[in-house]
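**Student:** In UniProt numbering, the protein residues as written are 1 to 259.
Sharing a structure with you now.
Okay, here's the thing in structure tokens:
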């Protein structure tokens, strides 16, 4: 299994906002010459959405699903000063520092459940992954999936791990399953959930999970409103994911019953 190695790049040009995203992500150019979709730390869900995006994306990649390269993106304060749109200006101002970027897939189209094709094993992997990370935002209304080069690509895991918005009650989620899987856009096609779990279990080792979580930037874990330390928060993500994997059979049954 490949070691996780996340590059850090600097934003050199703000190209255009992506208005379809509630948190106003944008296309930017970095100093490596590539275009990225940047997710801003100053957006609505803040740094916690970046953590969800990162963990979910790297778990999907571990599972062999297609995920655009994830990078850390440095944003300096020069961009807000030249931006005429006040809303974007504020977003850029509050996002100075380390943000998250996904390689921009030029020419990709949004996954359409009525038209796009996906094989049942891939659909099953995505459904089970989203059950594990409690991703509430992969529905027919907002698929957060792309078709690119006739392949399915996973984007936008920012609504996962919603327990982390209230650390006081997060342990309650350790005993829960994920009933919202009933709304998953790929559920109907996910007919090989047991086969998917046989691939997930040997890949999602405690060591791999810990490696991903260890790569979360320290700065993203620190919030004035949270009483927990960054080490305690990392341990919480580890415990949550390992607990989910220990009851993967319950998640499979829940998804099968919903289908």
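Backbone N, C-alpha and C fix where the C-beta goes; we use that ideal spot for every residue, glycine too.
Values in this document were obtained by computation on a predicted structure and should not be read as measured data.
(1) As a quick exercise: from 243, 257, 30, pick the residue whose alpha carbon is nearest that of residue 172.
(2) Taking the beta carbon of residue 137 as the centre, do at least 16 other beta carbons fall within 10 Å, making it buried, or is it exposed?
(3) When you compare each of 179, 16, 41 to residue 35 by their alpha carbons, which one comes out closest?
(4) Exposed or buried, residue 255, counting other C-beta atoms within 10 Å across all chains shown (16 or more means buried)?
(5) What is the residue span of the beta strand (DSSP E) that residue 42 lies within?
(6) Could you tell me whether the region 84 to 99 touches the region 138 to 152, using the rule of 3 or more Cβ pairs below 8 Å?
(7) Given a cut-off of 8 Å on the beta-carbon distance, is the pair residue 65 and residue 154 in contact?
(8) Counting Cβ pairs closer than 8 Å, one from the region 167 to 184 and one from the region 223 to 235, do we hit at least three?
(9) When the Cβ atoms of the region 155 to 163 are set against those of the region 51 to 61, are three or more pairs found closer than 8 Å?
(10) Could you pull the DSSP bridge partners for residue 98 from this structure?
(11) Check whether the Cβ atoms of residue 127 and residue 152 lie closer than 8 Å to each other.
(12) What number of angstroms, rounded off, separates the C-alpha of residue 82 from the C-alpha of residue 14?
(13) Does the distance from the CB of residue 130 to the CB of residue 184 come in under 8 Å?
(14) Would a C-beta distance cut-off of 8 Å place residue 92 and residue 80 closer than the cut-off?
(15) Residue 106: buried (16+ other C-beta within 10 angstroms of its C-beta) or exposed?
(16) When DSSP labels each residue in this structure, what does residue 189 get in the three-state scheme?
**Tutor:** In brief:
(1) 243
(2) Buried.
(3) 16
(4) buried
(5) It is not in any beta strand (DSSP E) - residue 42 carries neither H nor E in the DSSP assignment.
(6) no
(7) yes
(8) Segments in contact, yes.
(9) yes
(10) Partner(s): 74.
(11) Going by C-beta atoms, residue 127 is not nearer than 8 Å to residue 152.
(12) 10 Å
(13) Taking 8 Å as the Cβ cut-off, residue 130 and residue 184 qualify as a contacting pair.
(14) yes
(15) When all chains shown are included, residue 106 counts as exposed.
(16) helix
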